[in-house]
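J.: Here it is: the structure, laid out below.
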């Protein structure tokens, strides 16, 4: 983070990987070679990406801090800035302000089994942690990943899904809401799919990220399966602007999602009035 | 997300563009525009070679937008759109930039600045193209029947023409008899043929045609729908019939102006109009020895500026007839100019003079005066050639008045949502480019409803209207241009401005998912954009011309004028 | 702390002396509106005023400010941070409620990821406070929040009007520096004067708010927020005239080739304030927005920063609200709710 | 009159005709009258009527759509024009709202009153109508002031003192008129006489002061768009920072959007915390609409607004 908390670093797009019809992964490298070395972050943190002249928007860092040299952002074209970012090409510049926010609890979960439950574009924030865990394999227990999307075309990181599928130390379960000719895997929504798989709660922490309705039903299911609120961790989505807990937009209760989040455990959320209203 | 890939084709148009605009510079400039992946210049982009190059590049470069910078869309846009479509690209992903009429032709003396302008126009076109979206054209079936409003010569001719094509036709006539205005005439001009000889066979054919249904003493009470599917209510003595038709022809004709209060008309018993003259004298009333006709009564005056076109012929016709009945009769025609166009009428005009009809020119500043208290006794007029006042004795004064629109034209125009011109006649879409048609699809006009027309003109217009009205019926369906308006339900607050301004009646308010909203009938919308301009909340957006597309053009033109948004 | 006096007639001389060295800012009237703005000389300053319409927070956290400019050269982009100040500033005439509001804003901008723009303005600005007129404006209620309108706490110099002279409390070194610019104008007080020249006590309606936070927190689900939100029009006056409100937006103005990134005030009362690009809005109606604002003032701000309430009783919002909403009435309503069971 | 108001509202609430009533209530200090939402019998006593009932409550009728049940509202003659326009613009249905009309005798402009009396409003204990003057209570004193000295600007040219679209009226309709001594467009004409440069300078100075709190928009009866174009993100018509360029666009677009709809209630000017002379801008638009199209908004229910109709004799001096 720069001393001037509003001043972004300049980075160059080195690769654009289309993921779905409206989502692409942007790989960026800082222009300042020193910064490339010194920039550190934790899985779960995010950055404000600038397309200068259009504006800034918060995007989770989808790469793992264990990878050197570049950052990855999975951007869905929904608003003005994200659409403008999609207009950029390899070689174009972006502003990157960060890292911002808290992170997944990488220390607290050492030695535990980990369950990742993602929906649609909710996989990228989990992906940072998944890779971090896989790159520090000895510090963590078993890894289960449950992922679902609306259709086979809406699955992101198709290459990695294939890779995890084959990896012996990862259990991957993928479902789609509606299949098509290309799909011979499970069909159905994530929450019932989760119930079907029924992963045991012992010594396990569950991480979930996805559309609000999915998170709500996933948490209900996890609770019924015996997961304690403290062992259910999610990221919250609120409108963010400054990213540094000042502009007043993204609070739930007295917590700013951009500063104190976006990662919260469910026992934290239950103590904040209004946090679970959505 | 697959990136938008724009291909730009800049045309030299031989020397037309290339002789002024430095095309290679424009090409080079376009190469650096966002999303542009290929730029070509062609001697003639519209040539077979140029078109196939567009198609090739769409395939090779996987283009998702095509921009052609060349001439006018009026002539060439369909061609390029066709080429896109043939290469598998939706035709609405094409953007036309006019660097000929808008640039090289008008700036031919300033090649440097013309080149800069061409670059700017291309930048704007590319900026807009990036936001183009594929559109589907709406197709609707056409009900195989036609409505003809009016049973005069024009209406009957049109009806017969359509019916002879095998189309079911409904003719609605307000009067109890067919025939229209011609029924009030005795003879035709210049043949002096009895009008009955023209009308009777026409009427007979219409009445006897199995494909024609005639509603006499009836009026059109209501019309709803659009081309292909008009619902028409026809009323007669409180009885209503519902008709479904695919197209409509307006042939409601016109009526003679009754010049109340002018030249003693309606106060002096022996001041009549030409039509009244035909009615009474041609039917055998005693002929007076001194007749003065006054032309241009109520025509070519400030409140009615048009020329009635064949009022002069009528006066000539009746003057000749008078002279033929009584060679000693003194017949004078006071006129402002004699409109005796064409060989026949000019001949008759000369013939009338030879027969001794006196033609005197008067000045509108100094109009004739009808003298006499209880009856017209003489007409005083300033003789322009002699430069002095003359007094012409008159036993009868005949006023030549123009045809004026029927009183109920306005009601019908509102029902059909078609316009009337300043004089109150029906106004076609374009005098030269789209005669006989209205801007509203599926509705046509012929005869004196359009403008005072002679019988030959009415007949040819009727054939034209019938031909036009028959096309969609025989095609069986119509495709509606996809450049129409849609309403963003989330932002529409149903103020109703769009409903008021729409010239085609294509918008109405209805309950939607987000409360009351404006709803656009795609089949009726012509994409004129009136509602878009009138909408205060920006909810009405025109496909192919939405805010984002237009603002991106402005942004490209004036980097810095519009920040961020839309780009 | 040293107490001196200043003849009222000498005030302008002192201010003009300050204006030679620093940028002088004071309450000045423009089309009937009093604002704190830079002045060329003391003549532009309105000394007789209740308080400014726009709170002096605008001097540290301006309604609009450039954060940096950007220029594109080919593919490269250059950023240039904007300097917040050209020279040191002196603010004359600030009231204590507003001084206290700055100490609240310090929590937001001055700690946990410092805001360099705010901090530099704060560091390079001296405050000459002017104790409130007695009686104060009838709508004022700063004492409810424990603020003494005559206190020098937080300012560099405090002037108190005691008739023909101002009592001058020199609070900080910065203050001493300002007084020393015209040392001769500031004689010390004789013992008699020290006894006689006392500020008139301020009488102000005061409400016991010791339970305010607990009570407002118990009202999260209450229907109250709906009913009280009815007159609200959803404009931003209350937040823009509030000395403690600090919501802002960050917006690029210009083209993609060059332009500036601005920070400007925003208001949590605006319907699109928390609206996300997805179309979701966590505070979709006035009820949630108003509740959020009062919670911020009375619950979440003190909870987050361990501070007092985020209201200083300046009454600007209740004076200017076009919907006639009065924060004093809201406080009364909240306090009137039955006490919270433990 | 206040008693009759209480009676009517009590009756309407009692018989269940309305769920709530929008009127004027006493603020926490005597000089401040605030919009007051009454839902139950015991709240009816809070309703007041007098010369400080400044707000155009018609704006609040718009949120009736989001609330259960029917609303009642108190309108002055000038406010009725908003009701008429809301009906014309399909924002309310006539049967959805019970309108209580009042014969207004003029409203006090607090800013002017402060100037004329040299006393801040907060010392004013009350203002009573007394024919052609107001009686102002200040502490123990009573002072009288001629109406034409302290009336709201719009009251000086009032043509509709009494409500003309209503279900009930308060008291007798007493004609009220005052001789303003100048044309209602005098303040516009004064600006029109300036050169283009001078006029531009005038407005730039004003717009530069605007803080874009949006109060002028939010208080305006005609600003009922679900999403104002100024708030739109894609495309963005206006940048949020209150820079002069953006403020100009904001005010000028608003003025154009209100052409043919502005009913001269001048609420925008009244609520503007920065004292922008907005009524001059809107009065200019009204003047143009009147001169070009002989039209006045909010008078006739079935008159088509000029900017959404086309007549062949429409003036088009710009062509």
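Chains as they are written, first to last, in my numbering: chain U, 34 to 311; chain W, 48 to 614; chain G, 37 to 378; chain X, 13 to 331. In this text, a Cβ means the ideal position worked out from N, Cα and C, and glycines have one as well.
#1: What residues from chain G crowd round residue 618/W, counting only those whose CB sits closer than 8 Å?
#2: Any beta carbon of chain G sitting closer than 8 Å to that of residue 89/U?
#3: Residue 188/W to residue 258/W, Cα distance in whole Å?
#4: Beta-carbon separation of residue 310/X and residue 171/X under 8 Å?
#5: Counting contacts by CB-CB distance shorter than 8 Å, is residue 378/G in contact with chain X?
#6: I need the DSSP call for residue 167/G, collapsed to helix, strand or coil.
#7: Is it true that the stretch 130 to 150 of chain U meets the stretch 53 to 62 of chain U, where meeting means three or more beta-carbon pairs spaced less than 8 Å apart?
#8: I'd like to know whether the C-beta atoms of residue 566/W and residue 534/W end up nearer to each other than 8 Å.
#9: Identify the continuous alpha helix (DSSP H) that holds residue 105/G and give its terminal residues.
#10: Is the stretch 22 to 33 of chain X touching the stretch 357 to 369 of chain G, taking contact as three or more C-beta pairs under 8 Å?
#11: Just by C-beta distance, which residues in the stretch 310 to 325 of chain X are closer than 9 Å to chain W?
#12: Should residue 433/W be labelled buried (16 or more other beta-carbon atoms within 10 Å of its own) or exposed?
#13: What are the partner residues of residue 242/U, as DSSP defines its beta bridges?
#14: When DSSP builds the beta bridges, which residues end up paired with residue 241/W?
#15: Give the secondary structure of residue 324/G by DSSP, where H, G and I count as helix, E and B as strand, and everything else as coil.
#16: Can you name the residues that DSSP bridges to residue 292/W?
#17: For residue 340/W, name the three-state secondary structure that DSSP assigns.
#18: Looking at the secondary structure, which residues open and close the beta strand (DSSP E) in which residue 587/W lies?
#19: Are the stretch 262 to 278 of chain X and the stretch 293 to 310 of chain X touching, with three or more C-beta to C-beta distances below 8 Å?
#20: Using CA atoms only, rank isn't needed, just tell me which of 319/X, 100/X, 182/X is closest to residue 14/X.
#21: Nearest chain G C-beta to residue 610/W closer than 8 Å, yes or no?
#22: Ignoring anything shorter than 3 residues or poking outside the stretch 510 to 551 of chain W, list the beta strand (DSSP E) runs there in chain order.
#23: Beta-carbon of residue 81/W versus every beta-carbon of chain U: anything under 8 Å?
#24: Quick test of your reading: residue 285/U and residue 305/U, contact by CB under 8 Å. State the CB separation rounded to the nearest angstrom.
#25: For residue 125/U and chain G, any beta-carbon pair shorter than 8 Å?
#26: In its own chain, which residues sit with a C-beta less than 7 Å from the C-beta of residue 330/G, not counting the 5 before and 5 after it?
#27: Using three-state DSSP, classify residue 498/W as helix, strand or coil.
#28: Unbroken beta strand (DSSP E) runs of length 3 or more, entirely within the stretch 221 to 305 of chain U: which are they?
#29: Going along the chain, which residues of the stretch 236 to 248 of chain X sit with their C-beta nearer than 9 Å to a C-beta in chain W?
#30: Beta carbons nearer than 7 Å to chain G: which residues of the stretch 43 to 59 of chain U have them?
#31: Would you verify that the beta carbon of residue 120/U is, or is not, closer than 8 Å to some beta carbon of chain W?
#32: Suppose only complete runs of 3+ residues qualify. What are the beta strand (DSSP E) ranges in the stretch 244 to 323 of chain G, listed by chain order?
#33: Determine, using beta carbons only, whether residue 284/G and residue 90/U come nearer to each other than 8 Å.
#34: For residue 59/G, name the three-state secondary structure that DSSP assigns.
#35: Got a sec? Which residues, its chain only, sit under 6 Å from residue 103/U by beta carbon, not counting five neighbours each side?
#36: Write down the C-beta distance between residue 202/G and residue 333/G rounded to the nearest angstrom, noting that I regard them as a contact closer than 8 Å.
T.: With the given structure in hand:
#1: Summary: the structure shown does not reach residue 618/W, with chain W confined to residues 48 through 614, and so no result is reported for it.
#2: Along the first chain, one-based indexing puts residue 89/U at 56. Yes, contact with chain G.
#3: By 1-based counting over the second chain, the position of residue 188/W is 141. By 1-based counting over the second chain, the position of residue 258/W is 211. Distance between the alpha carbons of residue 188/W and residue 258/W: 21 Å.
#4: The residue given as residue 310/X occupies position 298 in the fourth chain. The residue given as residue 171/X occupies position 159 in the fourth chain. Not closer than 8 Å, so no.
#5: Here residue 378/G is taken as the residue at index 342 of the third chain, counted from 1. Low confidence applies here, because residue 378/G scores a pLDDT of 41, under 50, leaving its location unreliable and the question unanswered by this model.
#6: Position 131 of the third chain, counted from the first residue, corresponds to residue 167/G. Residue 167/G falls in the coil class under three-state DSSP.
#7: no
#8: Numbered from 1 along the second chain, position 519 holds the residue referred to as residue 566/W. Numbered from 1 along the second chain, position 487 holds the residue referred to as residue 534/W. It is a contact, given that the beta carbons lie within the stated cut-off.
#9: As a first step, residue 105/G must be located in the third chain, where it is residue number 69. Premise fails: residue 105/G lies in the beta strand (DSSP E), 100 to 109, not in any alpha helix (DSSP H).
#10: In the pairwise beta carbon analysis, the stretch 22 to 33 of chain X is classified as not touching the stretch 357 to 369 of chain G: fewer than three pairs are separated by under 8 Å.
#11: 316, 317, 319, 320, 321, 322, 324
#12: Counting from 1 along the second chain, the entry for residue 433/W is found at position 386. That one is exposed.
#13: Walking along the first chain from the start, residue 242/U turns up at place 209. Partner(s): 151/U.
#14: Working through the second chain from its first residue, we reach residue 241/W at position 194. BP columns for residue 241/W point to 234/W.
#15: The residue given as residue 324/G occupies position 288 in the third chain. In this structure, residue 324/G counts as helix in the three-state DSSP scheme.
#16: Position 245 of the second chain, counting from 1, holds the residue named residue 292/W. For residue 292/W, which the question treats as bridged, DSSP gives the partners 277/W.
#17: Locating residue 340/W in the second chain gives position 293, where the first residue counts as 1. The answer is strand: DSSP assigns residue 340/W an E or B state.
#18: Here residue 587/W refers to the residue found at position 540 of the second chain. Residues 587 to 589.
#19: yes
#20: By 1-based counting over the fourth chain, the position of residue 14/X is 2. Selected option, being the one with the closest Cα: 182/X.
#21: Taking the first residue of the second chain as 1, we reach residue 610/W at position 563. Because the pLDDT at residue 610/W is just 36, under 50, the model does not fix this residue reliably, and the point stays unresolved.
#22: 524 to 527, 532 to 534
#23: For this step, residue 81/W is matched to residue 34 along the second chain. Yes, its Cβ sits closer than 8 Å to a Cβ of chain U.
#24: Counting from one through the first chain, the residue named residue 285/U turns up at place 252. Counting from one through the first chain, the residue named residue 305/U turns up at place 272. Yes, residue 285/U and residue 305/U are in contact; Cβ-Cβ is about 5 Å, under 8 Å.
#25: Within the first chain, the letter at position 92 stands for residue 125/U. At least one beta carbon of chain G lies nearer than 8 Å to the beta carbon of residue 125/U.
#26: Counted from its first residue, the third chain places residue 330/G at position 294. For residue 330/G, where only same-chain residues beyond five positions count, the Cβ hits under 7 Å are 252, 366.
#27: Start at 1 with the first residue of the second chain, and residue 498/W comes out as number 451. The answer is coil: DSSP assigns residue 498/W none of H, G, I, E or B.
#28: 237 to 242, 265 to 268, 296 to 298
#29: 236, 237, 238, 239, 240, 241, 244, 245, 246, 247, 248
#30: 43
#31: Along the first chain, one-based indexing puts residue 120/U at 87. So, interface residue.
#32: 284 to 290, 294 to 301
#33: Here residue 284/G is taken as the residue at index 248 of the third chain, counted from 1. Here residue 90/U is taken as the residue at index 57 of the first chain, counted from 1. Cβ atoms of residue 284/G and residue 90/U: not closer than 8 Å.
#34: Your numbering for residue 59/G matches position 23 in the third chain. Strand at residue 59/G.
#35: Here residue 103/U refers to the residue found at position 70 when the first chain is read from its first residue. Hits under 6 Å: 60, 62.
#36: Translated into the one-based positions of the third chain, residue 202/G becomes position 166. Translated into the one-based positions of the third chain, residue 333/G becomes position 297. With a Cβ gap of about 33 Å, residue 202/G and residue 333/G do not count as contacting.
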